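Colleague: Here it is, the structure in full.
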Amino acid sequence: MIHDALLVAGKDLRLELRSRVALNQIVPFALLVLVLFAFALDPDRGLLEAATPGLYWVAVLFSGLLALQRSFSVEAADGNHDALRLSGLDPAGIFLGKVLAVSVQLLVLEVLLAVGVAVLYSTHLGGWPLLLVTVVVATTCIAAAGTLYGVVAAGLRVRETLLPLLLLPVLAPVLIGSTRAFEAALGGTPSEGWPWVGLMSVFALLYIVAGVLGFGPLLEEA
Amino acid sequence: MNDTWGYVAAAWIIVMGTFLVYAIVTIVRGRALSKQVPPERRRWS
Amino acid sequence: MTTQIARGSKGVEPAADAGPTSTGSRGTLILGILTLVALGTLALFALVLSPDDSNQGDAVRIMYIHVPSATLAYTGCGLATLGSIMYLWRKSQWWDLVAYASAEIAAVFTAVTLVTGMIWGRPTWGVYWVWDARLTSTAMLLLLLLGYLAVHRLPAEYSVRAKRASIVGLLLVPNVIIVRQSVNWWRTLHQKPTLFSNGLGSKIEGLMLFSLFLGFVAIGLLFAWLLIHRFRLAWLEEQIAEEGIDASIAARRAEAGDIGRWEGTP
Amino acid sequence: MEPEHLDRPTEAAPVVHLRGAVALLGRFPALAGVDLDVDRRRIVLLRGPNGAGKTTLLRALAGLVPVTSGEAVVLGVDLVTDRRAVRHRVGLLAHATGLYDELTVADNVRFWSRAARAEAADVEAAMARLGLDGRLRDVSVGRLSTGQRRRTSLACLVARRPELWLLDEPHAGLDQDGRDIVDALVRDATRAGATVILSSHELDRSLDLADEVVTIAGGLAHREPRPRPSRSSATPGGPTSEAMS
């Protein structure tokens, strides 16, 4: 399972290295969202500053949606579904590999976005332990739930519209949790943030277990 | 507090109306589809 | 309410006397009559006989349908998850259709809960919507249910739809729990405007308690009646989809009649 | 897969055994009760009009399409109860290649071969055999011609060393050189103990290659008289069979 996961993750990351779709399209999109928020909210009245954690995670969530769509569109090539089933790869390994690849891409994106927030919104980043743990846990949540619902929507003509409908309500707790944890970290009260990290960890665990068990049956059909 | 009766009435009408419409839609579709399925496959009949 | 019009509508049917051509049966007819009686009694008690609340006045009368609807919405959601688990375990279509029917009815009940909650909120809070923990998580429940229903209605083969929907359905209850938990924490960090802490002046007792109890009975009966009919409707839908497979196998074999042409060629 | 394992004498049980196999595509019965037996080391040609069910038959044998009724045993695995177990032992060359357009030829062959736990040496050998070890190696698959993609796809299959080869129109889209390679690969595979089932419209070439011909029409299979004495039946599993081909 681990061998297969690393193989699939390596393949997806190599694919990104060769095509640079995430780097050339998704990262600029995320930065653009940050700029648009500044247009929508008056940056001088401290509104932007107060809303920074929320805006940051909304930007991550939407970019994550794009990254997930991309992760499944590379598997949508003709005959790829059959090839995966014939390959002898463990479905749980495929799931973990895709989660890993999406997580790595999102983490890079989040670092770039954090730099963007620090520069554009003049946010002073602090409370590092909580900040880093929140980023890792929330990213795992988005990647795990996204990959599971991504395969539910995969292979259907309505994929692009179905995935957000399925995924966004489910990720609402992650958005709330990561935003509150960031507020706590930036506000210098990290003790308020840790329960949220706990809740998100439960979420991540739930979706990893569900994905490991459910990916096989979902890959298998017709 | 007389105006609250308006809200109460609205709530009850909307709720009962929704239930009624949903029930009728279910029944009507059930009747339409029942005709296409032989009775031995409708175990409740 | 429903059944016994039983027109033997067309001669194609071999045994029109086998039963009414509907999703109704004797059992559901009795259940339907009971439901109507219960709803009538509920209206009488909730709107006429029970006293108004010392704080909320007559607005409290919305509670007798709002609270039972909310409870049954969550019950339906639980049934959908149970049915999904049983489908994945036993691969039985019966359970999948139970899950599907409950999810659809739960979505209707959730919508009703939201609307009554908003209408109740207007006289109580002065606005239709507040970011109350219960109201917000109920709105999220509706979205989660709509996602499940969208997957179950995908234009695909039954086993594909059922399997995908069951995985989504399986996660319904865990999702609802996590959403509720997060929304609760989110709101309680700031303020606590729930309907009950802010609302009722007097304790619920006497006729009010009885009316609420009656609400649970009546709405519960309605839920059961709808569930049976919706399940049978879903069953019919799948029967019609499955029908004709036998016929198409025969038609396909007939194509083999062309084989002579092929054997002749080198 | 070790060679000595493949070189075992012909087992009594056939590699493919179908009786009244039905496979549905949605509600359409693409296979409407197929009977088919194939012994080890045979090369079987499936032919028939478009839409006859050739592709579905190959996909069913690969364990991709469920057999909903009838008997179906491939390589000793019952497809009706557990079709997944057969997948890593068969190789399917389909119309769609299933390759990643944005990865290079070498990336693709390596990924799919490693997924099947193939040896690194086999991967290189397979690419060399199909003429993919030169300039093409580092070209992304999206820029290949149809024939070159087909070769890449074949290289993935060869590196896996399957026990049962299922080739859906393997000659289509290939040049003369490519077709010769396919034929040679097929003969080598059966010599090493594998079994090959292929569908083709290129009857001149395929009839020459095949031991048996099966006609598929209307989702049913009809065996035809053999075009020529089969190598394996004349000298079952014997080394002299190579001389005759």
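Residue numbers (our numbering), protein chains in the order written: chain A, 3 to 224; chain B, 11 to 55; chain C, 2 to 267; chain D, 390 to 634.
For glycine and all other residues, C-beta sits at the position ideal for the given N, C-alpha and C.
Remember, predicted model here, so these are calculated numbers, not experimental data.
(1) Would you report the Cα separation of Ser249/C and Ala410/D, rounded to the nearest angstrom?
(2) Indicate whether Ser502/D and Cys545/D have their beta-carbon atoms separated by less than 8 Å.
(3) Hey, Ile178/A and Trp187/C: beta-carbon distance below 8 Å or not?
(4) To which residues does DSSP link His611/D through a beta bridge?
(5) Quick check on the burial criterion: 16 or more other C-beta atoms within 10 angstroms. Buried or exposed for Ile168/C?
(6) What residue from Val76/A, Thr54/A, Val62/A has the CA that sits closest to Thr10/A's CA?
(7) Less than 8 Å between the CB atoms is what I'm expecting for Leu109/A and Val62/A, so what's the real figure, rounded?
(8) For Trp59/A, is the classification buried or exposed, using 16 other Cβ atoms within 10 angstroms of its Cβ as the cut-off for buried?
(9) Using a 10 Å radius around the Cβ and a threshold of 16 neighbouring Cβ atoms, would you call Asn56/C buried or exposed?
(10) Within a Cβ cutoff of 8 Å, which residues of the same chain sit near Pro175/A, ignoring the five residues on either side of it in sequence?
(11) Assuming Phe293/C and Leu73/C are in contact, meaning their beta carbons sit under 8 Å apart, how far apart are those beta carbons, in whole angstroms?
(12) Nearest CA to the CA of Leu434/D: which residue from Asp577/D, Pro559/D, Leu574/D, Arg538/D?
(13) Counting C-beta neighbours from all protein chains within 10 Å, is the total for Arg27/C 16 or more, i.e. buried, or is it exposed?
(14) By the 8 Å beta-carbon criterion, what residues does the region 499–510 of chain D contribute toward chain A?
(15) Decide if Gln88/C is buried, meaning its Cβ has at least 16 other Cβ atoms within 10 Å, or exposed.
(16) When you check each C-beta in the region 558–588 of chain D against every C-beta of chain A, which residues fall closer than 9 Å?
(17) Would you say Leu144/C faces chain A, with C-beta separation under 8 Å as the test?
(18) Within 10 angstroms of the Cβ of Lys41/A, are there 16 or more other Cβ atoms? Answer buried if so, exposed if not.
(19) Which ranges would you report for the alpha helix (DSSP H) in the region 80–157 of chain C if only whole runs of at least 4 residues count?
(20) When you compare the CB positions of Arg586/D and Val427/D, do they come within less than 8 Å of one another, or not?
(21) Determine, using beta carbons only, whether Ala151/C comes closer than 8 Å to chain A.
(22) Kindly identify the DSSP beta-bridge partner or partners of Asp572/D.
(23) Identify which residue in Asn82/A, Leu8/A, Val154/A, Leu50/A has its Cα closest to the Cα of Val121/A.
(24) So, does the CB of Met87/C fall closer than 8 Å to a CB anywhere in chain A?
(25) Taking the alpha helix (DSSP H) that Val38/B belongs to, which residues open and close that run?
(26) Could you pull the DSSP bridge partners for His126/A from this structure?
(27) Contact between the region 115–135 of chain C and the region 131–149 of chain A is defined here as three or more beta-carbon pairs at a separation below 8 Å; is this criterion met?
(28) Do you know how far the Cα of Gln182/C is from the Cα of Thr470/D?
(29) Exposed or buried, Asp92/A, counting other C-beta atoms within 10 Å across all chains shown (16 or more means buried)?
(30) Scan the region 19–107 of chain A and note each continuous alpha helix (DSSP H) run of 4 residues or more that stays entirely inside, going in chain order.
(31) Quick check: is the beta carbon of Val411/D nearer than 8 Å to any beta carbon in chain C?
(32) Since Met141/C and Val113/C should fall inside the 8 Å C-beta cutoff, what is the C-beta to C-beta distance between them, to a whole number of angstroms?
(33) Below 8 Å on the Cβ atoms is my contact criterion, and I expect Val479/D with Leu553/D to pass it. Report the Cβ-Cβ distance as a whole number of Å.
(34) With 8 Å set as the bound, which would you pick, yes or no: does the beta-carbon of Phe64/A sit closer than that to a beta-carbon of chain C?
Modeller: In short:
(1) Position 248 of the third sequence, counting from 1, holds the residue named residue 249/C. Position 21 of the fourth sequence, counting from 1, holds the residue named residue 410/D. Near 15 Å, if we compare the C-alpha coordinates of Ala410/D and Ser249/C.
(2) Position 113 of the fourth sequence, counting from 1, holds the residue named residue 502/D. Position 156 of the fourth sequence, counting from 1, holds the residue named residue 545/D. Contact: yes.
(3) By one-based count along the first sequence, residue 178/A stands at place 176. By one-based count along the third sequence, residue 187/C stands at place 186. In this structure, Ile178/A places its C-beta atom within 8 Å of the C-beta atom of Trp187/C.
(4) Here the question's residue 611/D lines up with position 222 in the fourth sequence. According to DSSP, His611/D bridges with Thr604/D.
(5) Numbered from 1 along the third sequence, position 167 holds the residue referred to as residue 168/C. Buried is the call here.
(6) Counting from one through the first sequence, the residue named residue 10/A turns up at place 8. This sequence places Val at residue 10/A; Thr is not what is there. Considering only alpha carbons, the answer is Val76/A.
(7) As a first step, residue 109/A is located in the first sequence; it is residue number 107 there, counting from the start. As a first step, residue 62/A is located in the first sequence; it is residue number 60 there, counting from the start. 10 Å between Cβ atoms; not a contact.
(8) The count along the first sequence starts at 1 and reaches residue 59/A at position 57. It counts as buried.
(9) As a first step, residue 56/C is located in the third sequence; it is residue number 55 there, counting from the start. Exposed: under 16 other Cβ atoms inside 10 Å.
(10) Counting from 1 along the first sequence, the entry for residue 175/A is found at position 173. Leu201, Met202, Phe205.
(11) The first residue shown for chain C is 2 and the last is 267, placing residue 293/C beyond what the model contains.
(12) Translated into the one-based positions of the fourth sequence, residue 434/D becomes position 45. Considering only alpha carbons, the answer is Pro559/D.
(13) Locating residue 27/C in the third sequence gives position 26, counting from the first residue. With fewer than 16 other Cβ atoms within 10 Å, it is exposed.
(14) Phe500, Trp501, Arg503, Ala504, Ala505, Arg506
(15) Position 87 of the third sequence, counting from 1, holds the residue named residue 88/C. Strictly speaking, residue 88/C in this sequence is Tyr, with Gln absent from that position. So Tyr88/C ends up on the buried side.
(16) Residues of the region 558–588 of chain D with a C-beta less than 9 Å from any C-beta of chain A: none at all.
(17) Here residue 144/C is taken as the residue at index 143 of the third sequence, counted from 1. Interface with chain A (8 Å Cβ-Cβ cutoff): Leu144/C is included.
(18) Numbered from its first residue, the first sequence carries residue 41/A at position 39. The question names Lys, yet the displayed sequence has Phe at residue 41/A. Phe41/A should be labelled exposed.
(19) 94–126, 134–153
(20) For this step, residue 586/D is matched to residue 197 along the fourth sequence. For this step, residue 427/D is matched to residue 38 along the fourth sequence. For the sequence presented, residue 586/D should be read as Ile rather than Arg. A contact, by the Cβ cut-off of 8 Å.
(21) Your numbering for residue 151/C matches position 150 in the third sequence. Closer than 8 Å: yes.
(22) Taking the first residue of the fourth sequence as 1, we reach residue 572/D at position 183. In the DSSP output, where bridge partners are listed per residue, Asp572/D has none listed.
(23) Position 119 of the first sequence, counted from the start, is the residue given in the question as residue 121/A. Checked all of Asn82/A, Leu8/A, Val154/A, Leu50/A; the closest Cα to Val121/A is Leu50/A.
(24) If you number the third sequence from 1, residue 87/C lands on position 86. Nearest CB-CB separation between Met87/C and chain A: not below the 8 Å threshold.
(25) Sequence index remark: in the second sequence, residue 38/B carries index 28 (1-based). Taken as a continuous stretch (DSSP letters only), the alpha helix (DSSP H) holding Val38/B covers 14–44.
(26) Here the question's residue 126/A lines up with position 124 in the first sequence. Answer by DSSP bridge pairing: none, since His126/A is not bridged.
(27) no
(28) Indexing the fourth sequence from 1 puts residue 470/D at position 81. Indexing the third sequence from 1 puts residue 182/C at position 181. Whole-angstrom Cα-Cα distance: 43 Å.
(29) Counting from one through the first sequence, the residue named residue 92/A turns up at place 90. Under this definition Asp92/A is a buried residue.
(30) Those alpha helix (DSSP H) runs which fall completely within the region 19–107 of chain A and span 4+ residues are 29–42, 49–75, 82–88.
(31) Taking the first residue of the fourth sequence as 1, we reach residue 411/D at position 22. True, the Cβ-Cβ gap to chain C drops below 8 Å.
(32) Residue numbering aside, residue 141/C sits at position 140 when the third sequence is read from its first letter. Residue numbering aside, residue 113/C sits at position 112 when the third sequence is read from its first letter. Incorrect: roughly 16 Å between the Cβ atoms, too far for contact.
(33) The count along the fourth sequence starts at 1 and reaches residue 479/D at position 90. The count along the fourth sequence starts at 1 and reaches residue 553/D at position 164. That pair is a contact at about 4 Å.
(34) For the purposes of this step, residue 64/A is taken as the residue at position 62 of the first sequence. The beta-carbon of Phe64/A is placed no less than 8 Å from the nearest beta-carbon of chain C.
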